[in-house]
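*Asks:* Mature numbering (1 follows the signal peptide of the UniProt record, and there is no 0) puts the sequence shown at residues -28 to -1, 1 to 429.
For glycine and all other residues, C-beta sits at the position ideal for the given N, C-alpha and C.
Before we start, here is the structure in question, set down as structure tokens.
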Amino acid sequence: MGTNTNRRRDYSWFALGLLIFVGREALAQIRYSVPEEVQEGTVVGNIAKDLGLDIASLTDRRFRVVSESKNAIFGVNQNNGALYVSSQIDREELCEGSGACLVELKILVENPLEIHYVVVEITDVNDHSPNFPEREQTFEIAEQTLPGKRFQLHTAHDPDAGINSIRTYTLTSNEHFEVNIRQSDAGKIPFLVLKKALDREQKNKHTLLVTAVDGGKPPRSGTLNVSIIVLDSNDNRPIFSEEIYQISIKENIPVGTSVFRMNATDLDEDTNGEVQYSLGKTLRRKVYDTFELNKLTGEIIVKGVVDFEESDLYELDVEASDKGTPPLTGECRVIIKVIDVNDNAPEIQMTSLSNTVSEDSKPGTVISLLSVKDKDSGVNGKIISTITNEVPFELKPSYKENTYSVVTKGLLDREQVSQYEITIKATDCGEPPLSTFKTLSIQISDVNDNRGGHLKR
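The following block contains the structure:
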């Protein structure tokens, strides 16, 4: 990993109304990018400069990062306003998958109170080679097998993302086989395809080398040794009624529930027509943990917890095999879509710098910031936030969805009320709705607003 990297900045500012009184909230968002594995202390960008903040006042205004992570990887320098890398970044550990790896930071300054949102994209470097789960794979193929038959190969794994992930699979030059790649949500799945009929009497074993190649510069690769054992002569393979089955189930479905039953037919008789079922060998580990397949009945049964928030789609490759010698197989795919249910209550997060507000504060004074979120999706994750009790405070929405400021909405008088307990309620729109409550305690500080009286003798 080189330390001399080009860092690019992409600023995207969002206009906001400013709340001008004793407290002021100025929200904006800027965006940077930095490669993984850079040295600690690497400067990502100058936040103060990009936000137009006075560098000389950063220390007094307590310029800092408010991180939601226990292991913060970024920090800010109060002396020059720079955002820097504070610990080693491993993109593959931080973000799974090939999508953009984005880290959102909250930058706070005080006097007046401002909060700014900074998004840092962690870009990938090609620091991993493709790796197969096993070094060798063996197939037994009958010599009467017709060209076009596909055999699923082990899928290589490469933690790198984007262009640095696996781009293709290649096969050593030969006259009988070629590699075909199928794209799925899990990535590229290689198949060995028979392109020319085999003849055991001419050659009873073929040795091939499959290579997985990523798109890095220079590219990295991994290899798989494939052995083909050619068998002497079952002429009918099991056939599914569909190539792809699609079913839907609700999350939290009880363990042990049968969700689907496969049915493959084989026109052969006796053992050559008896069908057994099995799951593909290269599915995601989560599939094996969540579902099991009865090899005799073809029933797909719930084995583990089905959680929409963890995975909303499962793809199962199912193989039907007869008991002939050699056995013939048929394949299909079962796509299981998980339907979300309202099983998560909203979460409320407070950012409050002080629990005291002066009684002469004018309406609109910011006293706290809060954000709400819900792990559910759709209407189950849509949140309505309110203050439930009668207090001279209100929630003012921000430009950022589900983000609010708690502000004063009326005049305060410490001599009448010296303390307020503000109850905030966040309710989702599920059926039935789920709610979360949080209380914010505010003390009213005194000002000299009452003149003394004279006693009569």
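Here's the rule: buried if 16 or more other CB atoms are within 10 angstroms of the residue's CB, otherwise exposed. What is Ile308?
*Replies:* Position 336 of the sequence shown holds residue 308. In this structure Ile308 is buried. Its beta-carbon is surrounded by 16 or more other beta-carbon atoms within 10 angstroms.
*Asks:* Using 8 Å as the threshold, is the C-beta distance between Leu239 and Gly245 below it?
*Replies:* Locating residue 239 in the sequence shown gives position 267, where the first residue counts as 1. Locating residue 245 in the sequence shown gives position 273, where the first residue counts as 1. Closer than 8 Å, so yes.
*Asks:* By alpha-carbon positions, which one of Arg256, Phe232, Leu285 and Glu281 ends up nearest to Asn266?
*Replies:* Here residue 266 is taken as the residue at index 294 of the sequence shown, counted from 1. Minimum Cα distance to Asn266 is reached at Phe232.
*Asks:* Going along the chain, which residues of its own chain have a beta-carbon closer than 6 Å to the beta-carbon of Phe263, five neighbours each way excluded?
*Replies:* Reading the sequence shown from its first residue, position 291 is the one you call residue 263. The answer, listed in chain order, is Ile272 and Lys275.
*Asks:* Decide if the stretch 111 to 128 is in contact with the stretch 67 to 82; the criterion is three or more beta carbon pairs, one per stretch, under 8 Å apart.
*Replies:* no
*Asks:* For Lys168, which residues of its own chain have a beta-carbon under 7 Å away from its beta-carbon, when the five flanking residues on both sides are left out?
*Replies:* Your numbering for residue 168 matches position 196 in the sequence shown. Excluding positions up to five away in sequence, the list reads Pro119, Glu147 and His148.
*Asks:* What is the rounded straight-line gap between the Cα of residue 451 and the Cα of Asp385?
*Replies:* No answer is possible for residue 451: the residues shown for the chain start at -28 and end at 429.
*Asks:* Alpha carbon to alpha carbon, how far is Tyr141 from Gly187? Give it in angstroms, no decimals.
*Replies:* Indexing the sequence shown from 1 puts residue 187 at position 215. Indexing the sequence shown from 1 puts residue 141 at position 169. About 11 Å.
*Asks:* Once DSSP output is grouped into helix, strand and coil, what is the label at Asp289?
*Replies:* On the sequence shown, position 317 is the one that residue 289 refers to. Strand.
*Asks:* Would Val379 and Glu366 qualify as a contact pair, given that the criterion is a beta-carbon distance under 8 Å?
*Replies:* The count along the sequence shown starts at 1 and reaches residue 379 at position 407. The count along the sequence shown starts at 1 and reaches residue 366 at position 394. Contact flag set, yes.
*Asks:* Does the count of Cβ pairs from the stretch 307 to 323 and the stretch 209 to 221 closer than 8 Å reach three?
*Replies:* yes
*Asks:* In three-state DSSP terms, what is Asp261?
*Replies:* To locate residue 261, count along the sequence shown from 1; it is residue 289. Reduced to three states, the DSSP call for Asp261 is helix.
*Asks:* Note down, in chain order, each residue of its chain lying with its Cβ closer than 7 Å to the Cβ of Arg256, except the 5 sequence neighbours on either side.
*Replies:* Counting from 1 along the sequence shown, the entry for residue 256 is found at position 284. Cβ neighbours of Arg256 beyond the five flanking positions: Ala158.
*Asks:* By the 10 Å Cβ neighbour count, where 16 or more other Cβ atoms means buried, how is Glu387 classified, buried or exposed?
*Replies:* Position 415 of the sequence shown, counted from the start, is the residue given in the question as residue 387. Looking at its Cβ environment, which holds fewer than 16 other Cβ atoms inside 10 Å, Glu387 is exposed.
*Asks:* Please give the ranges of any beta strand (DSSP E) in the stretch 374 to 427, keeping only runs that are unbroken, at least 3 residues long and fully inside the region.
*Replies:* Runs of beta strand (DSSP E) with 3 or more residues, each lying fully within the stretch 374 to 427, are found at 375 to 380, 391 to 400 and 407 to 417, listed in chain order.
*Asks:* Tell me which residue opens and which closes the beta strand (DSSP E) that Ala184 is part of.
*Replies:* Counting from 1 along the sequence shown, the entry for residue 184 is found at position 212. From DSSP, the beta strand (DSSP E) with Ala184 extends over Lys177 to Asp186.
*Asks:* Specify whether the stretch 401 to 414 and the stretch 339 to 353 touch according to this definition: at least 3 beta carbon pairs, one from each stretch, less than 8 Å apart.
*Replies:* yes
*Asks:* Indicate whether the contact test is met: 3 or more Cβ pairs, each with one atom in the stretch 12 to 25 and one in the stretch 86 to 94, closer than 8 Å.
*Replies:* Taking 8 Å as the limit for Cβ pairs, the verdict is that the stretch 86 to 94 does touch the stretch 12 to 25.
*Asks:* Give the DSSP-derived three-state secondary structure of Ile61 in the structure shown.
*Replies:* By one-based count along the sequence shown, residue 61 stands at place 89. Of the three classes helix, strand and coil, the one that applies to Ile61 here is coil, per DSSP.
*Asks:* Distance, Cα to Cα, Ser283 vs Leu341?
*Replies:* Residue mapping note: residue 283 aligns to position 311 of the sequence shown, counting from 1. Residue mapping note: residue 341 aligns to position 369 of the sequence shown, counting from 1. Distance between the alpha carbons of Ser283 and Leu341: 32 Å.
*Asks:* Quick check: is any heavy atom of the ligand FAD less than 7 Å from the C-beta of Lys168?
*Replies:* The model depicted lacks the ligand FAD and carries no ligand whatsoever.
*Asks:* Could you tell me the alpha carbon to alpha carbon distance between Val15 and Val92, rounded to whole angstroms?
*Replies:* The residue labelled residue 15 in the question sits at position 43 within the sequence shown. The residue labelled residue 92 in the question sits at position 120 within the sequence shown. Computed Cα separation, rounded: 12 Å.
*Asks:* Where does Asn224 fall in DSSP's three states?
*Replies:* Stepping through the sequence shown from its first residue, residue 224 is reached at position 252. Coil.
*Asks:* Could you check what DSSP says for Asp294 in three-state terms: helix, strand or coil?
*Replies:* The count along the sequence shown starts at 1 and reaches residue 294 at position 322. Looking at Asp294 - three-state DSSP - the assignment turns out to be strand.
*Asks:* Give the C-beta separation of Glu64 and Arg33 to the nearest angstrom, bearing in mind that I take them to be a contact with Cβ-Cβ under 8 Å.
*Replies:* Position 92 of the sequence shown holds residue 64. Position 61 of the sequence shown holds residue 33. So it is not a contact: roughly 37 Å between Cβ atoms.
*Asks:* Name the one or two DSSP bridge partners that Gly194 has.
*Replies:* Here residue 194 refers to the residue found at position 222 of the sequence shown. As DSSP reads the structure, Gly194 sits in a beta bridge with Ala184.
*Asks:* Note down, in chain order, each residue of its chain lying with its Cβ closer than 7 Å to the Cβ of Ile27, except the 5 sequence neighbours on either side.
*Replies:* If you number the sequence shown from 1, residue 27 lands on position 55. So the list reads Ala20, Asn52 and Gly53, once near-sequence residues are dropped.
*Asks:* Can you tell me whether Ser377 is buried or exposed? The criterion is at least 16 other CB atoms within 10 Å of its CB, across all chains shown.
*Replies:* In the sequence shown, the residue the question calls residue 377 occupies position 405. Label assigned to Ser377: buried.
*Asks:* For Gly134, which three-state DSSP category applies?
*Replies:* The residue labelled residue 134 in the question sits at position 162 within the sequence shown. In this structure, Gly134 counts as helix in the three-state DSSP scheme.
*Asks:* So for Gly24, helix, strand or coil by DSSP?
*Replies:* Along the sequence shown, read from residue 1 onward, the residue named residue 24 stands at position 52. Gly24 falls in the coil class under three-state DSSP.
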